[in-house]
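Report on the structure given below.
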Amino acid sequence: HRNEQQNKHRNEQQNKHRNEHGNEDIAQSQATKQASEQATKRASEQATKRASEQATKQASEQATKRASKRTSNKTRASKRATASERATKQASKRAERATK
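Numbered according to UniProt numbering, the sequence shown spans residues 1 to 100.
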């Protein structure tokens, strides 16, 4: 009878020990899972932010390029118009001189 009591007590102790440590393991794995999810979320947010910044930068550079081209085209057109005016004036002066 005494032996049964000891066995029962030992079994209870072992079960208690298993339960306590089992709960610790569960808590540990949940904490690990949460930390992993947080890290993944953070990495994803940072990647999205970087991609957005990159896209904004590219769009800005392209807009600047286009504006620069427009400006240089206008400058060229303006120079052509000026040259054309100058040629017209010279031609009219020559015509005046020729008629004198």
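Where a beta carbon is used, it is the ideal one built from N, C-alpha and C, also for glycine.
Alpha helix (DSSP H) segments (min. 4 residues) lying fully within the UniProt region "Disordered" (1-100):
Within the UniProt region "Disordered" (1-100), the complete alpha helix (DSSP H) runs of at least 4 residues are 2-99.
If you draw a straight line from the alpha carbon of Ala27 to that of Gln34, how long is it in whole angstroms?
Spanning the two alpha carbons is a distance of roughly 11 Å.
Measuring only the C-alpha atoms, how far is His17 from Gln54?
In this structure, the CA atom of His17 is about 55 Å from the CA atom of Gln54.
Between Thr71 and Glu61, what straight-line distance do the alpha-carbon atoms span, to the nearest angstrom?
Taking C-alpha positions only, Thr71 is separated from Glu61 by approximately 15 Å.
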